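Comments concern the structure below.
Protein chains: 2
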Amino acid sequence: MDSQFGEKIRTLREKQHLYLRQVAPLLEMDTAQLSKIEKGLRQIKREQIPILASILKADPDELLTLWLADQLYAVVKDEKLANKAMQVTEEKINSKNTGD
Amino acid sequence: MDSQFGEKIRTLREKQHLYLRQVAPLLEMDTAQLSKIEKGLRQIKREQIPILASILKADPDELLTLWLADQLYAVVKDEKLANKAMQVTEEKINSKNTGD
DNA sequence: CCTACATTTGCCAATATCTGACAAGTCAAT
DNA sequence: ATTGACTTGTCAGATATTGGCAAATGTAGG
Numbered sequence: 245m246d247s248q249f250g251e252k253i254r255t256l257r258e259k260q261h262l263y264l265r266q267v268a269p270l271l272e273m274d275t276a277q278l279s280k281i282e283k284g285l286r287q288i289k290r291e292q293i294p295i296l297a298s299i300l301k302a303d304p305d306e307l308l309t310l311w312l313a314d315q316l317y318a319v320v321k322d323e324k325l326a327n328k329a330m331q332v333t334e335e336k337i338n339s340k341n342t343g344d
Numbered sequence: 245m246d247s248q249f250g251e252k253i254r255t256l257r258e259k260q261h262l263y264l265r266q267v268a269p270l271l272e273m274d275t276a277q278l279s280k281i282e283k284g285l286r287q288i289k290r291e292q293i294p295i296l297a298s299i300l301k302a303d304p305d306e307l308l309t310l311w312l313a314d315q316l317y318a319v320v321k322d323e324k325l326a327n328k329a330m331q332v333t334e335e336k337i338n339s340k341n342t343g344d
């Protein structure tokens, strides 16, 4: 399970019976790139996610969440301190929301 | 609170009554760089963390945790879906640990 | 086996991003 | 005004990532 985002968009694309060659041009890329994105070998650009969501009739927030999760996971995937670092980060996020 | 790692190492350095100019050469960098690192304007390299920990007589794991947290935070800091993304990532980390 | 089509892989030039190094700047104490 | 500590700006060089093409692989039908 290398890229949750990639897996998700592949599943969605297949559900819509679309080929890479049909979707890729709508994102202004070639099939090779999109293939790599689906396999997690490349990252799609953040700003392309809403476009892709509309092509695949998916929830943009859901795709963005998975995309962010992939980015986060890349940081900590081989770290024994992953969980601790996640915890510290969450506290930082929450303290920001409470404005202190 | 831009960089928890930076704040921490500055505090530690000051507790040891060390100057930038004393610490920087031990990390093979100049004072300007180390200053930026302490202020969160630059990232120290992961492999320099244990060296720095020994200079500052700090727990390497604690510093690494803060450093990782900074990296994580950089990914999601302006994202409204930050919390959701964190949650998804944690599940991925944990499912990896249970081997499924 | 041969062809057609979808997808994947490998490569590398182009681009984007980050870092190292130096110079000049601020600030505080004397 | 000088010194010492730290900060800031700049920018070429190093690193990392991406885009685009060509070739390779896989698959189904004839």
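Chains A and B, in that order, are what the protein sequence lines are. Converting from the first sequence to my numbering requires adding 244 to each position, the first position being numbered 1. Converting from the second sequence to my numbering requires adding 244 to each position, the first position being numbered 1. A virtual CB, placed ideally from N, CA and C, is assigned to each residue, including glycine. Bear in mind the structure is a predicted one, so any value in this text is a computation, not a measurement.
Worksheet item: So, does the CB of GLU282 of chain B fall closer than 8 Å to a CB anywhere in chain A?
Response: no
Fill in: CB-CB length for MET308 of chain A against LYS252 of chain A, believed under 8 Å
Going by the sequence as given, residue 308 of chain A is Leu instead of Met. Not confirmed; about 11 Å, so no contact.
Worksheet item: Applying a beta-carbon distance threshold of less than 9 Å, which residues of chain A neighbour ASP305 of chain B?
Response: LYS324, LEU325 and LYS328
Practice prompt. Can you have a look at GLN266 of chain B and say buried or exposed, based on whether 16 or more other CB atoms are within 10 angstroms of its CB?
Written response: exposed
Worksheet item: Helix, strand or coil for LYS321 of chain A per DSSP?
Response: coil
Practice prompt. Please specify which runs of the beta strand (DSSP E), each continuous and at least 3 residues long, are wholly inside the stretch 249 to 285 of chain B, giving them in chain order.
Written response: none
Worksheet item: Which residue's Cα is closest to the Cα of LYS319 of chain B: A:THR333, A:LYS324 and A:ALA326?
Response: Sequence check: residue 319 of chain B is Val here, not Lys. The shortest C-alpha separation from VAL319 of chain B is found at A:THR333.
Worksheet entry | N-terminal and C-terminal residue of the alpha helix (DSSP H) that SER247 of chain B is part of | No alpha helix (DSSP H) contains SER247 of chain B, which DSSP labels as neither H nor E.
Discussion item. Is there a Cβ of chain A sitting closer than 8 Å to that of LEU312 of chain B, yes or no?
Written reply: yes
Discussion item. Considering just the uninterrupted stretch of the alpha helix (DSSP H) at ALA297 of chain B, what are its terminal residues?
Written reply: 293 to 300
Fill in: THR309 of chain B - DSSP class collapsed to helix/strand/coil
helix
Discussion item. For LEU325 of chain B and GLU306 of chain A, I'd like the C-alpha separation in whole angstroms.
Written reply: 9 Å
Practice prompt. Helix, strand or coil for THR333 of chain A, going by three-state DSSP, please let me know.
Written response: helix
Worksheet item: Using a Cβ-Cβ distance under 8 Å, would GLN287 of chain A count as near chain B?
Response: no
Practice prompt. Starting from GLN248 of chain A, find everything on chain B with Cβ-Cβ shorter than 8 Å and list it in chain order.
Written response: VAL332 and LYS336
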